[in-house]
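Written below as structure tokens is the structure these notes are about.
Numbering (the working numbering), first residue to last: -12 to 223.
What follows is the structure in structure tokens.
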């Protein structure tokens, strides 16, 4: 391998957040052709699509979305893809077609219409799944493609095996469970807002409550006439 090609593969490894030894499955040529039965969440029909280009997570999900469109079995999705995403997919295909070798794996493919594709493969009574996530440009450390390729090349899959793939518009891999409330642990909540000892808010006195008050002066009261001495320089 030339020094330039080695440098390019090192760049691919950096994008994936792994060492160059961990991307050996990307370097296999020709790449494997894998059958996938693809459908959206809650779809009944899952047409078969053959995936033969494993460039990055975004391109893989784009390929699945386009294949589902071409099948025509999900008419709602076919209409949506053709209206909103067809031109983008054509542009992406041209870029990939004109880019060869290791440079393909350095392409920044725009995010696909679906956020995630979950690949499931039955191995006897046990089914294994791998989520492929759409990734932002220039970073792919958690997309999942390398783990999927490890299954394809080293997981004992035969030429007749196929993945069942479900496309999702949102992340369904789950979130971290909530920790128990601090009160259940007998601890004060450090995030609680302290209660301030404020006076009660002002409330206007109803007219009935003013009956016992003396009548207000209609004119200013007379000046004070006390017996205290006035200041020396005071002149009334």
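Note that CB positions come from ideal geometry on N, CA and C, so glycine has one too. Every value quoted in this text rests on a predicted model; they were computed, and no experiment measured them.
Would you say residue 7 touches the ligand ADP, meaning its beta carbon is less than 7 angstroms from a heavy atom?
This structure lacks the ligand ADP; in fact it carries no ligand of any kind.
Express the C-alpha separation of residue 136 and residue 12 in angstroms, rounding to a whole number.
6 angstroms
Can the beta-carbon of residue 47 be found closer than 8 angstroms to that of residue 102?
no
Given a cut-off of 8 angstroms on the beta-carbon distance, is the pair residue 36 and residue 23 in contact?
yes
Which word fits residue 245, buried or exposed, when buried means at least 16 other C-beta atoms lie within 10 angstroms of its C-beta?
With the chain running from -12 to 223 in the structure shown, residue 245 is simply not present.
Would you mind stating whether residue 43 and residue 96 have Cβ atoms separated by less than 8 angstroms?
yes
I need the straight-line Cα distance from residue 156 to residue 100, nearest angstrom please.
7 angstroms
Could you check how far apart the C-beta atoms of residue -1 and residue 10 are, in whole angstroms? I think they sit under 8 angstroms.
6 angstroms
Starting from residue 75, follow its DSSP beta bridges and name the residues at the other end.
DSSP lists no partner for residue 75.
Can you tell me whether residue 116 is helix, strand or coil according to DSSP?
strand
Does the beta-carbon of residue 45 have 16 or more other beta-carbons within 10 angstroms, so that it is buried, or is it exposed?
buried
Within 10 angstroms of its Cβ, does residue 121 collect 16 or more other Cβ (buried), or is it exposed?
buried
Chain-order list of residues whose beta-carbon lies under 7 angstroms from that of residue 117 (same chain, five-residue window excluded)
106, 131, 134, 135 and 138
Can you check DSSP and say which residues form a bridge with residue 150?
23
Indicate the three-state DSSP secondary structure (helix, strand or coil) for residue -3 in the structure shown.
helix
Can you tell me which of the three DSSP states residue 5 falls into?
coil
Can you tell me whether residue 18 is helix, strand or coil according to DSSP?
coil
At what residues does the beta strand (DSSP E) containing residue 36 begin and finish?
35 to 38
So, residue 56 versus residue 69, is the Cβ gap smaller than 8 angstroms?
yes
Close beta carbons around residue 150, own chain, < 6 angstroms, minus the five adjacent residues each side:
23, 106 and 108
Using a threshold of 8 angstroms, state whether the C-beta atoms of residue 83 and residue 91 are closer than that.
yes
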